[in-house]
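See structure below.
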């Protein structure tokens, strides 16, 4: 198994570092760590922890652990988990108004649809890639 500590934009809210000075003023929008935790749960992660960083009530982050045991099931779960866990950081920056993040989320720029998949993006359903068949639910 392996874990990821703080993902600077999708899994943490902190007024003094990591998420400070967001373009939209959303330094303390505390729903992002909780959304990240819920997405990781839906993404079949093995352990999800929502924690206070250094000061209760001032900073919250989501930690995650995933098991990679070489099975087909683990490969599928890792693909989904890594999609939602890293993709939410791109979505957070796109929502905040960062053009490069919007480009990435729309499959443009250095990171394209082949290298990063974005969960919960507001594009037409034909572009959403989720589930084993790669199609958005209708």
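Numbering (the UniProt record's numbering), first residue to last: 1 to 138. Even for Gly, the Cβ is constructed at its ideal location relative to N, Cα and C.
Annotation note: the region 26 to 93 contains the following uninterrupted beta strand (DSSP E) runs of length 3 or greater, listed N- to C-terminal: 47 to 52, 60 to 66. In this chain, residue 108 is not harboured by any alpha helix (DSSP H), its DSSP state being neither H nor E. Residue pairing for residue 13: DSSP places it in a beta bridge opposite 60. Going by C-alpha positions, residue 90 is about 17 Å away from residue 79. Residue burial annotation: residue 95 is buried, with at least 16 other C-beta atoms found within 10 angstroms of its C-beta. In the same chain as residue 37, and ignoring 5 residues on each side of it, the C-beta atoms closer than 6 Å to its own belong to 48, 50, 62, in chain order. By a beta-carbon distance limit of 8 Å, residue 43 does not contact residue 69. Their separation comes to about 17 Å. Restricting attention to 77, 67, 31, 22, the CA atom closest to the CA of residue 2 is found in 67. Contact annotation: residue 46 and residue 71 have beta-carbon atoms that are not nearer than 8 Å.
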